[in-house]
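*Asks:* Numbering (numbering that gives the first Met the number 0), first residue to last: 0 to 266. This is the structure, below, for whatever I ask next.
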Amino acid sequence: MKQYRNITFSILFGLTLLTSCESLLEVEPEEVLLAEDYLGDDQIDARSALFGVLSQLQGVVGQYVVLGELRADLVNVNANSIDELQEVNNHNISEDNSYADLTTMFSIINNCNFALEGIDTDAYENQLLDDYASILRIRTWAQMQILINYGKLPYITKPIRTSDELDDTYPLLSVDQALDQLISNLAEVEGVENVTKYAGSLGFSIFDMIPDQDILLGDLHLWKGNNTLAATRYKAFLDKEALQGVLYLSGSNSVTVTKSGGNLTVG
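So, in structure tokens, the structure goes:
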């Protein structure tokens with residue numbers, strides 16, 4: 000049976016905040032999975048690990064939207080907006096602003112690290128490889144959010160089990176270093192599809208809940224300034240969607256992607 004322990008610990012990283020000043024952010028992942036009897040070549044454990052990190056993603060939806068949209072041009076605050084939203088909108092975020100709290104994001108990364116370390120991709124004739132690839136992409140997405148919002152990435156790939164392990168040294172990657180590393184990591188699972196096999200037990204597919212390889216690489220290359228590579232990846236994603244006859248619904252509007260020859264038509 001899996002073992003859980005509630006551990007509160009602080010990770011102090013010197014990061015570039017959403018403003019230009021340097022500060023220390025306190026991160027306190029509340030639940031840490033222990034290594035003993037956690038994951039191995041067990042299909043149920045691999046599924047549980049994937050479902051677990053997917054459920055954690057729900058906890059950062061609000062933070063992801065607010066940090067991305069309020070600092071952009073199409074969303075604004077008004078006189079009734081709470082102080083925290085005003086701070087984000089004005090690019091003047093205090094250290095105790097809940098939208099700048101990295102706890103859940105680092106917890107997602109940490110639990111992904113437990114799963115990636117424990118999943119045996121050779122077991123069951125590689126049947127767990129798509130679980131591994133899906134969790135790696137979720138971790139990459141979380142790492143990318145920290146990088147683009149804070150300008151640096153504490154690069155942690157080993158699971159942190161106890162506060163004693165915080166004495167270890169973890170590299171703090173610059174934007175270019177982190178982008179190169181994340182792009183390299185995804186090469187490991189190139190050609191491996193996201194998980195589709197659990198639709199029977201769930202009643203629905205989780206495929207679209209997991210970041211797509213081409214979209215992730217498109218975003219990473221775009222931040223890197225590799226515009227041609229980014230465009231190639233985005234087109235590869237649209238090509239896949241067109242082959243599936245995908246129809247996007249947005250309110251009362253619909254968008255259909257079709258392919259004719261080498262051209263895509265969006266209408």
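C-beta: ideal position from N, C-alpha, C; glycine also.
Indicate the three-state DSSP secondary structure (helix, strand or coil) for L221 in the structure shown.
*Replies:* Here L221 sits in helix by DSSP.
*Asks:* Is the segment 222-234 in contact with the segment 151-167, if contact means three or more CB pairs nearer than 8 Å?
*Replies:* Because the criterion of three Cβ pairs below 8 Å is not met, the segment 222-234 and the segment 151-167 do not touch.
*Asks:* Restricting to Cα atoms, I'd like to know which of Y63, S47, Q85 and Q144 is closest to F113.
*Replies:* Nearest C-alpha to F113: S47.
*Asks:* Which same chain residues, not among the five before or five after I214, have their C-beta less than 6 Å away from its C-beta?
*Replies:* F236, listed in sequence order.
*Asks:* Could you tell me if L73 is buried or exposed, where buried requires 16 or more neighbouring beta carbons within 10 angstroms of its beta carbon?
*Replies:* So L73 ends up on the exposed side.
*Asks:* Report yes if the C-beta distance between T139 and P210 is below 9 Å; otherwise report no.
*Replies:* It is a contact, given that the beta carbons lie within the stated cut-off.
*Asks:* Taking the alpha helix (DSSP H) that E116 falls in, what are its first and last residues?
*Replies:* T102 to G117 is the span of the alpha helix (DSSP H), which, as asked, contains E116.
*Asks:* Candidates Y169, L135, I137 and D163: which alpha carbon is nearest K151's?
*Replies:* Taking only the C-alpha atoms, the option nearest K151 is Y169.
*Asks:* Compare the Cα-Cα distances from N52 to each of N109, L84, N89 and I92 and report the closest residue.
*Replies:* In the sequence as displayed, the identity of residue 52 is Val instead of Asn. Comparing Cα positions, the closest option is N109.
*Asks:* From what residue to what residue does the alpha helix (DSSP H) around A99 run?
*Replies:* Premise fails: A99 is in no alpha helix (DSSP H) and is neither H nor E.
*Asks:* Which one or two residues does DSSP pair with P153 in a beta bridge?
*Replies:* Beta-bridge pairing links P153 to L171.
*Asks:* Just to confirm my understanding: we take I107, look at its own chain, exclude 5 residues before and 5 after, and list those with CB closer than 8 Å. What are they?
*Replies:* The residues are V52, Q55, L56, V59, I137, R138 and A141.
*Asks:* Where does G51 sit, in a helix, a strand or coil, going by DSSP?
*Replies:* DSSP places G51 in helix when its eight states are reduced to three.
*Asks:* Would you kindly check if the distance between the Cβ of T195 and the Cβ of D121 is under 9 Å?
*Replies:* No, these two residues do not count as a Cβ contact at 9 Å.
*Asks:* So, helix, strand or coil for L181, using DSSP?
*Replies:* Note: L181 maps to helix in three-state DSSP.
*Asks:* Look at the Cβ atom of V191, then the Cβ atom of Y154, and state whether they are nearer than 9 Å.
*Replies:* No.
*Asks:* Output yes or no for whether 9 Å exceeds the beta carbon distance between E187 and L135.
*Replies:* Yes, these two residues count as a Cβ contact at 9 Å.
*Asks:* Check each candidate in L115, L185, A71 and D218 and name the one with the smallest Cα separation from N330.
*Replies:* The question about residue 330 has no answer, for the chain in this structure spans 0 to 266.
*Asks:* So, at 6 Å on beta carbons, what are the nonlocal neighbours of D36 in its own chain, with the 5 sequence-adjacent residues on each side left out?
*Replies:* At D36 the pLDDT is 44, less than 50, meaning the model places this residue with poor confidence and gives no usable figure here.
*Asks:* Which value, in whole angstroms, describes the spacing of the CA atoms of L66 and S80?
*Replies:* C-alpha separation (whole angstroms): 15 Å.
*Asks:* Please give the ranges of any beta strand (DSSP E) in the segment 58-84, keeping only runs that are unbroken, at least 3 residues long and fully inside the region.
*Replies:* Whole beta strand (DSSP E) segments, 3+ residues: zero.
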